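S.K.: Sharing a structure below in structure tokens format, with a few things to ask.
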Ligand SMILES: Cc1cc2nc3c(=O)[nH]c(=O)nc-3n(C[C@H](O)[C@H](O)[C@H](O)COP(=O)(O)OP(=O)(O)OC[C@H]3O[C@@H](n4cnc5c(N)ncnc54)[C@H](O)[C@@H]3O)c2cc1C
């Protein structure tokens with residue numbers, strides 16, 4: 232029996248753990264991939280209070296070590312549902328289930344998919360969602376980046392250092408990302424722009440061979456041979472499994488009050504997975520502090 236089970240070991244989950252552990256609670260973190268969450272692959276963070284500059288990896292590692300040094304337990308398992316029983320909660324993973332008094336949902340965001348045939352099948356065989364993780368495999372090759380926001384622009388800049396050619400394909404006429412990044416991109420000679428264009432097909436049987444790109448105005452289709460396609464079209468919440476214990480808004484974000492309570496007593500939601508305006512490290516940490524302490528208060532009162 233744990234006092235608190237936290238679903239997700241990103242910034243919000245680890246911050247919740249730190250506060251709950253310092254209040255003497257027994258805490259289990261469940262993580263489906265790797266600790267640290269989204270920020271792990273960010274090259275630089277320059278807006279976290281009191282830290283001038285740090286890499287995403289160093290930030291995540293330091294947070295993880297802090298939680299572990301306080302006695303957190305972590306299991307690399309994916310939570311698939313949460314039960315709210317009379318005397319306790321039950322978090323069910325693919326192979327186990329964990330009883331606890333409180334649950335903190337810190338599931339963050341997942342990468343948005345293009346939704347095309349072959350996308351899932353060729354993920355890991357040419358289709359990728361992380362240039363920092365997979366970029367080096369495409370040294371000297373031709374690749375494409377889908378998207379027009381900051382992540383897509385950063386990906387294209389990063390990949391242009393490794394790859395012989397980088398196509399950047401965006402469905403709008405202008406990039407959404409920061410001007411500074413777009414200017415950085417324009418200085419690169421091996422980048423080719425396909426704006427106002429849509430990727431309509433991902434082609435290949437065993438591995439990615441080409442993509443079919445259609446111009447939104449002329450409707451002319453171009454088949455481009457690429458070894459890699461990096462999809463950077465934003466992120467979406469992944470909260471369907473919590474629907475029985477928490478209300479979701481129309482976009483799938485968990486609805487909470489200011490103290491991170493969901494509609495179910497003893498179940499909290501923190502960080503990017505919950506409905507709020509500003510989704511940043513500082514606000515994920517702040518949610519962790521709030522829910523970590525409120526969860527302790529709930530347990531102390533009720534049990
Ligand atoms: C490229 C990039 C750069 C960024 N740069 C900055 C920056 O400079 N400054 C800043 O303030 N913010 C930045 N952000 C935003 C910041 O990373 C997020 O606001 C923050 O990571 C949110 O933390 P989180 O813990 O809520 O979610 P996440 O970091 O998404 O963590 C959620 C964790 O939950 C896990 N999980 C999800 N579902 C389950 C499940 N069912 N079972 C088990 N585990 C699960 C996931 O695997 C993940 O590890 C950046 C984001 C990106 C993508």
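In my numbering, the protein residues as written are 232 to 534.
Glycine residues also receive a C-beta, built at the ideal position from the N, C-alpha and C atoms.
Just so we're clear, the structure is a prediction, and the values are computed from it rather than from any experiment.
#1: Within its chain, find whatever has a CB closer than 6 angstroms to the CB of residue 391; leave out the 5 residues flanking it on each side and keep chain order.
#2: Closest to residue 264 by C-alpha separation, out of 239, 530, 255 and 254, would be which residue?
#3: Under 7 angstroms: does the beta carbon of residue 472 sit that close to some heavy atom of ligand 1?
#4: Shortest alpha-carbon distance to residue 353 belongs to which of 465, 442 and 257?
#5: Report yes or no: do three or more beta-carbon pairs, one from the segment 342-359 and one from the segment 475-489, lie closer than 8 angstroms?
#6: Within the present structure, is the beta-carbon of residue 235 separated from the nearest heavy atom of ligand 1 by less than 7 angstroms?
#7: With a Cβ-Cβ cutoff of 8 angstroms, do residue 377 and residue 430 count as a contact?
#8: Is the CB-CB distance between residue 454 and residue 427 below 8 angstroms?
#9: Could you tell me which whole alpha helix (DSSP H) segments of length 4 or greater appear in the segment 342-408?
#10: The alpha helix (DSSP H) with residue 435 in it runs from where to where?
#11: Going by DSSP in three states, residue 445 sits in which element: helix, strand or coil?
#12: Count the CB pairs spanning the segment 247-262 and the segment 270-282 that are closer than 8 angstroms, and state whether there are at least three.
#13: Considering only residues of the same chain and omitting the five flanking positions on each side of residue 458, which have a CB-CB separation below 7 angstroms?
#14: Measuring only from the beta carbon, is residue 386 closer than 7 angstroms to any heavy atom that is part of ligand 1?
#15: Quick check: what's the CA-CA separation for residue 518 versus residue 435?
#16: Evaluate residue 452 with the Cβ neighbour count: other Cβ atoms within 10 Å of its Cβ, from every protein chain shown; 16 or more gives buried, anything less gives exposed.
#17: By the three-class DSSP mapping on this structure, what secondary structure does residue 531 have?
#18: I'd like the span of the alpha helix (DSSP H) that includes residue 264, first residue to last.
#19: Which residues mark the beginning and the end of the beta strand (DSSP E) in which residue 440 is found?
#20: Whole angstroms is fine: what's the gap from residue 491's alpha carbon to residue 501's?
#21: From residue 275 to residue 450, what distance separates their C-alpha atoms?
#22: From residue 312 to residue 327, what does the alpha carbon distance come to, in whole angstroms?
#23: Using the DSSP secondary-structure output, state which residues sit across from residue 310 in a beta bridge.
#24: Which residue or residues does DSSP assign as beta-bridge partners of residue 453?
#25: Roughly how many angstroms separate the alpha carbons of residue 320 and residue 531, rounded to a whole number?
#26: Would you tell me roughly how many angstroms separate the C-alpha atoms of residue 462 and residue 360, rounded to the nearest one?
#27: In the DSSP assignment, find the alpha helix (DSSP H) that holds residue 299 and state where it starts and stops.
#28: DSSP beta-bridge partners for residue 500?
#29: For residue 489 versus residue 333, is the C-beta distance shorter than 8 angstroms?
M.R.: Short version:
#1: Beyond the five residues adjoining it in sequence on each side, residue 391 comes within less than 6 angstroms, by CB distance, of 397, 419, 421 and 422 in the same chain, given in chain order.
#2: Of the candidates 239, 530, 255 and 254, 239 places its Cα closest to the Cα of residue 264.
#3: Checking every heavy atom of ligand 1 against the Cβ of residue 472, one is found closer than 7 angstroms.
#4: A check of alpha carbon separations from residue 353 across 465, 442 and 257 identifies 442 as the nearest.
#5: Contact between the segment 342-359 and the segment 475-489 is absent: fewer than 3 CB-CB pairs across the two stretches fall below 8 angstroms.
#6: Taking 7 angstroms as the cut-off, the C-beta of residue 235 does not count as close to any heavy atom of ligand 1.
#7: Closer than 8 angstroms, so yes.
#8: Not a contact, by the Cβ cut-off of 8 angstroms.
#9: Taken in chain order, the whole alpha helix (DSSP H) runs of length 4 or more contained in the segment 342-408 are 362-365 and 381-391.
#10: For residue 435, no alpha helix (DSSP H) encloses it, and the DSSP letter there is neither H nor E.
#11: Looking at residue 445 - three-state DSSP - the assignment turns out to be strand.
#12: Contact between the segment 247-262 and the segment 270-282 is absent: fewer than 3 CB-CB pairs across the two stretches fall below 8 angstroms.
#13: Shown here for residue 458: same chain residues with a beta carbon closer than 7 angstroms to its own, the five before and five after excluded, namely 357, 369, 372, 373, 374 and 439 in chain order.
#14: No - ligand 1 has no heavy atom lying nearer than 7 angstroms to the Cβ of residue 386.
#15: Roughly 44 angstroms separates the two Cα atoms.
#16: With fewer than 16 other Cβ atoms within 10 Å, it is exposed.
#17: In the three-state reduction of the DSSP assignment, residue 531 falls in the helix class, which pools H, G and I.
#18: Unbroken run through residue 264: none, as it is neither H nor E.
#19: Run containing residue 440: none; DSSP gives neither H nor E here.
#20: Their backbone Cα atoms lie some 6 angstroms apart in a straight line.
#21: Approximately 39 angstroms between the Cα atoms of the pair.
#22: Cα to Cα, residue 312 sits roughly 11 angstroms from residue 327.
#23: Paired residues: 324.
#24: Per DSSP, 444.
#25: Roughly 16 angstroms between the two C-alpha positions.
#26: Answer to the nearest angstrom: the Cα atoms are 5 angstroms apart.
#27: For residue 299, the enclosing alpha helix (DSSP H) begins and ends at 287-300.
#28: In the DSSP output, where bridge partners are listed per residue, residue 500 has 336.
#29: Contact flag unset, no.
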